[in-house]
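J.:
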Amino acid sequence: MSKIAILGFGTVGSGTVEVFLKNKSNYQKNMGQDVDIKYILDIRDFPDSPYADKLVKDFNIIVNDPEVTVVAELIGGNTFAYDAVKQALEAGKSVVTSNKELVATKGAELLKIANEKNVSFFFEASVGGGIPIIRPLQQCLMSDVITSITGILNGTTNYILTKMIKEGAEFSDVLAEAQKLGYAESNPEADVSGGDACRKICILASLIFGRHIDPEDVYTRGITSITKEDAEYAANWGGVIKLIAFAGKCGESLEITVCPSFVPLESQLSGVNDVFNAILVKGEATGEVVFYGKGAGKYPTASAVVSDILNALKHGNKNLSWEERSDENHVVDYNKQKHRFYLRLEGVSKSKIKELFGEVVFLSRKNALEDEVAFVTPVICVEEFEKKCSDLYPLGKIQIMD
Ligand code: HSE
25 MSKIAILGFG
35 TVGSGTVEVF
45 LKNKSNYQKN
55 MGQDVDIKYI
65 LDIRDFPDSP
75 YADKLVKDFN
85 IIVNDPEVTV
95 VAELIGGNTF
105 AYDAVKQALE
115 AGKSVVTSNK
125 ELVATKGAEL
135 LKIANEKNVS
145 FFFEASVGGG
155 IPIIRPLQQC
165 LMSDVITSIT
175 GILNGTTNYI
185 LTKMIKEGAE
195 FSDVLAEAQK
205 LGYAESNPEA
215 DVSGGDACRK
225 ICILASLIFG
235 RHIDPEDVYT
245 RGITSITKED
255 AEYAANWGGV
265 IKLIAFAGKC
275 GESLEITVCP
285 SFVPLESQLS
295 GVNDVFNAIL
305 VKGEATGEVV
315 FYGKGAGKYP
325 TASAVVSDIL
335 NALKHGNKNL
345 SWEERSDENH
355 VVDYNKQKHR
365 FYLRLEGVSK
375 SKIKELFGEV
385 VFLSRKNALE
395 DEVAFVTPVI
405 CVEEFEKKCS
415 DLYPLGKIQI
425 MD
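Position one of the sequence shown corresponds to residue 25 (our numbering), numbered consecutively onward.
1. CB HIS363 to CB VAL406, shorter than 8 angstroms?
2. So, using beta-carbon positions, are GLY218 and THR244 closer together than 8 angstroms?
3. Let's test the definition: count the other Cβ atoms within 10 Å of the Cβ of ARG68 and tell me whether it reaches 16, buried, or not, exposed.
4. Can you list, in chain order, the residues of its chain whose CB lies under 7 angstroms from that of LYS27, leaving out five sequence neighbours each side?
5. So which of LEU79, GLY206 and VAL400 has the shortest CA-CA distance to GLY382?
6. Tell me which residue opens and which closes the beta strand (DSSP E) that CYS274 is part of.
7. Can you tell me which of THR40, LEU135 and ALA115 puts its alpha carbon nearest to the alpha carbon of TRP346?
8. Quick one: what's TYR243 bridged to in DSSP?
9. Can you tell which of GLU133, GLU308, LEU79 and GLY39 has its C-alpha closest to the C-alpha of ASP206?
10. What does the alpha-carbon distance come out to for the pair SER375 and PRO418?
11. Among ASP298, VAL87 and GLY311, which has the Cα closest to the Cα of SER167?
12. Under DSSP, the beta strand (DSSP E) around GLU396 begins and ends at which residues?
13. Is there a Cβ of chain E sitting closer than 8 angstroms to that of LYS342, yes or no?
14. For GLN162, collect the residues of the same chain with a Cβ closer than 6 angstroms to its Cβ; drop the 5 residues on either side in sequence, then sort them by chain order.
15. Does the distance between the C-beta of GLU396 and the nearest non-hydrogen atom of the ligand HSE fall short of 7 angstroms?
16. Spell out the partners DSSP gives GLN423 in its beta bridges.
17. What do you reckon, are the CB atoms on MET425 and PHE286 nearer than 8 angstroms?
18. Where does LYS117 fall in DSSP's three states?
19. With a threshold of 7 angstroms (Cβ to nearest heavy atom), would TYR106 be considered close to the ligand HSE?
20. Residues in its own chain within less than 7 angstroms of ALA112 by CB, not counting five upstream and five downstream?
21. Which term fits PHE33, buried or exposed, when burial requires 16 or more other beta carbons within 10 angstroms of its beta carbon?
22. How about ASP98 and GLY37: do their beta carbons lie closer than 8 angstroms?
23. Nearest to PHE145 by CA position, among ALA132, PRO156, GLY152 and SER172, is which residue?
24. Does the Cβ of GLY153 lie closer than 7 angstroms to at least one heavy atom of the ligand HSE?
25. When DSSP labels each residue in this structure, what does GLU348 get in the three-state scheme?
26. Does any heavy atom of the ligand HSE sit closer than 7 angstroms to the C-beta of GLU383?
27. Check whether the Cβ atoms of GLY263 and PRO288 lie closer than 8 angstroms to each other.
28. Closest to ALA320 by CA distance: which of ASP220, TYR366, ASN50 and MET55 is it?
29. When you measure from the CB of GLY272 to every non-hydrogen atom of the ligand HSE, does any distance come out below 7 angstroms?
30. If you drop the 5 nearest sequence neighbours on each side, which residues of the same chain put their C-beta closer than 6 angstroms to that of CYS222?
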């Protein structure tokens, strides 16, 4: 008999309990053993919960119970969750988690402990909600050399951008809706600032390129300054605006960024809408592979958590690990990267723009203000671009996804 403990009875925690208990008899048949949830840890009271007999408030009860072999950490954050996961691994229990912050910042350390203790540390639900991506990268694509990953990795911002662009909805209204639907983080600042997508691309990049990538080393910009005017210009250019997370090889180093981007309509990522995420992986032998599905929400995320629990029970330690971050930072400074950019300005002549940026492509939209001008630059070094922008006070400034 294997017993499981769930830490956190919020959106993902309660979804995990529901999915697990609904399908428990299938799991038992499949695993050839009895499996059950023994504890649910939460500091809050749930007097009317049908699981009152499982609810506890003291983590020591779980960590000291030898019957518990798998702990699912679904609390989030990096304080209590970090201590609890470390203690559980050190006590010889497998841990599964949906906690992006924890994996992105402490992944190397926790994987090392798990490997030393010969237990699992799985985190499929930390990237892409219900989309299988971690295990396919670790297993199905392990023969290939992955050269880049480009993803829409945050469901909340994709939902907001879709509603703003397609329905003309207001940013704050759609964010409130995304919170109600259980897509957003408890502090949605992490979603809209790009921080959540940054943690996810760091996890994928660490896994693929074998060395810990710290979120602090990644240039990250969110979607708060995007307007309907920018979306109209994107359409005129032949694309849509998406929050794009990118990690790719650049010689011996890596380029990693998270920023709103014009995505051309020909790209498979341009049609990814609402809460859906997509991850486009490029491999030397495989070419392009796209993973697509619901990137946030109670049940898609819970399904990934339960699969990790079952994998930990059935297959035991199959962790891949990555090296700790080295002193020598191998992420290319964003200022040294080269990209094309879209700019929207007021009161600057086209001749001045050509003088500054060279062969630009001017864009148009219906009902543009008289002195409004929008264009896409040729490829330019970011540092040089920012210098040229500093006197122009752009109203819109977005990278182009090439
Ligand atoms: N807030 C996250 C998102 C949840 O919107 O993608 C899933 O990680």
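Cβ atoms here follow ideal geometry from the backbone N, Cα and C, with glycine treated the same way. None of the values given here were measured: they were computed from a predicted structure.
T.: The answer reads as follows:
1. For the purposes of this step, residue 363 is identified with residue 339 of the sequence shown, where counting begins at 1. For the purposes of this step, residue 406 is identified with residue 382 of the sequence shown, where counting begins at 1. It is a contact, given that the beta carbons lie within the stated cut-off.
2. Numbered from its first residue, the sequence shown carries residue 218 at position 194. Numbered from its first residue, the sequence shown carries residue 244 at position 220. Yes, they are a contact pair.
3. Against the sequence shown, residue 68 aligns to sequence position 44. Burial call: exposed.
4. For the purposes of this step, residue 27 is identified with residue 3 of the sequence shown, where counting begins at 1. Closer than 7 angstroms at Cβ, skipping near neighbours: ASP60, LYS62, GLU91, VAL92 and THR93.
5. As a position in the sequence shown, residue 382 is number 358, starting the count at 1. Among LEU79, GLY206 and VAL400, the Cα nearest to that of GLY382 is on VAL400.
6. Indexing the sequence shown from 1 puts residue 274 at position 250. Residues 263-274.
7. Start at 1 with the first residue of the sequence shown, and residue 346 comes out as number 322. The candidate whose alpha carbon is nearest that of TRP346 is LEU135.
8. Counting from one through the sequence shown, the residue named residue 243 turns up at place 219. Paired residues: THR281.
9. Here residue 206 corresponds to residue number 182 of the sequence shown, with the count starting at 1. It should be noted that the sequence gives Gly, not Asp, for residue 206. Checked all of GLU133, GLU308, LEU79 and GLY39; the closest Cα to GLY206 is GLY39.
10. One-based indexing of the sequence shown puts residue 375 at position 351. One-based indexing of the sequence shown puts residue 418 at position 394. If you take the alpha carbons of SER375 and PRO418, they lie about 17 angstroms apart.
11. As a position in the sequence shown, residue 167 is number 143, starting the count at 1. That would be GLY311, whose Cα lies nearest to the Cα of SER167.
12. Locating residue 396 in the sequence shown gives position 372, counting from the first residue. Per DSSP, GLU396 belongs to the beta strand (DSSP E) from 396-400.
13. Among the protein chains of the structure shown there is no chain E, as only one such chain exists.
14. Translated into the one-based positions of the sequence shown, residue 162 becomes position 138. Cβ within range, chain order: LEU344.
15. Counting from one through the sequence shown, the residue named residue 396 turns up at place 372. Because no heavy atom of the ligand HSE lies under 7 angstroms away, the Cβ of GLU396 does not count as near it: no.
16. On the sequence shown, position 399 is the one that residue 423 refers to. SER285 and PHE365.
17. Here residue 425 refers to the residue found at position 401 when the sequence shown is read from its first residue. Here residue 286 refers to the residue found at position 262 when the sequence shown is read from its first residue. Yes, they are a contact pair.
18. Your numbering for residue 117 matches position 93 in the sequence shown. Here DSSP, grouped into helix, strand and coil, assigns LYS117 to coil.
19. The count along the sequence shown starts at 1 and reaches residue 106 at position 82. Because no heavy atom of the ligand HSE lies under 7 angstroms away, the Cβ of TYR106 does not count as near it: no.
20. As a working note, residue 112 is residue 88 in the sequence shown. VAL87, VAL95 and VAL119, listed in sequence order.
21. Taking the first residue of the sequence shown as 1, we reach residue 33 at position 9. Looking at its Cβ environment, which holds 16 or more other Cβ atoms inside 10 Å, PHE33 is buried.
22. On the sequence shown, residue 98 is found 74 positions in, with the first residue counted as 1. On the sequence shown, residue 37 is found 13 positions in, with the first residue counted as 1. Just to set this straight, residue 98 is Leu in the shown sequence, not Asp. It is a contact, given that the beta carbons lie within the stated cut-off.
23. The count along the sequence shown starts at 1 and reaches residue 145 at position 121. Checking every option, the nearest Cα to that of PHE145 belongs to ALA132.
24. Within the sequence shown, residue 153 is the residue found at index 129, counting from 1. Indeed, a heavy atom of the ligand HSE lies less than 7 angstroms from the Cβ.
25. Taking the sequence shown and counting its residues from 1, the one referred to as residue 348 is at position 324. Three-state DSSP puts GLU348 in coil, outside helix and strand.
26. Reading the sequence shown from its first residue, position 359 is the one you call residue 383. No; taking the cut-off as 7 angstroms, the Cβ of GLU383 has no heavy atom of the ligand HSE nearer than that.
27. As a working mapping, residue 263 is identified with position 239 in the sequence shown. As a working mapping, residue 288 is identified with position 264 in the sequence shown. Yes, they are a contact pair.
28. Mapped onto the sequence shown, residue 320 falls at position 296. Ranking the options by Cα distance to ALA320, first place goes to ASP220.
29. For the purposes of this step, residue 272 is taken as the residue at position 248 of the sequence shown. Not under cutoff, so the answer is no.
30. Along the sequence shown, one-based indexing puts residue 222 at 198. Once the five neighbours on either side are set aside, the close Cβ partners of CYS222 are PRO239, VAL242, THR244 and VAL282.
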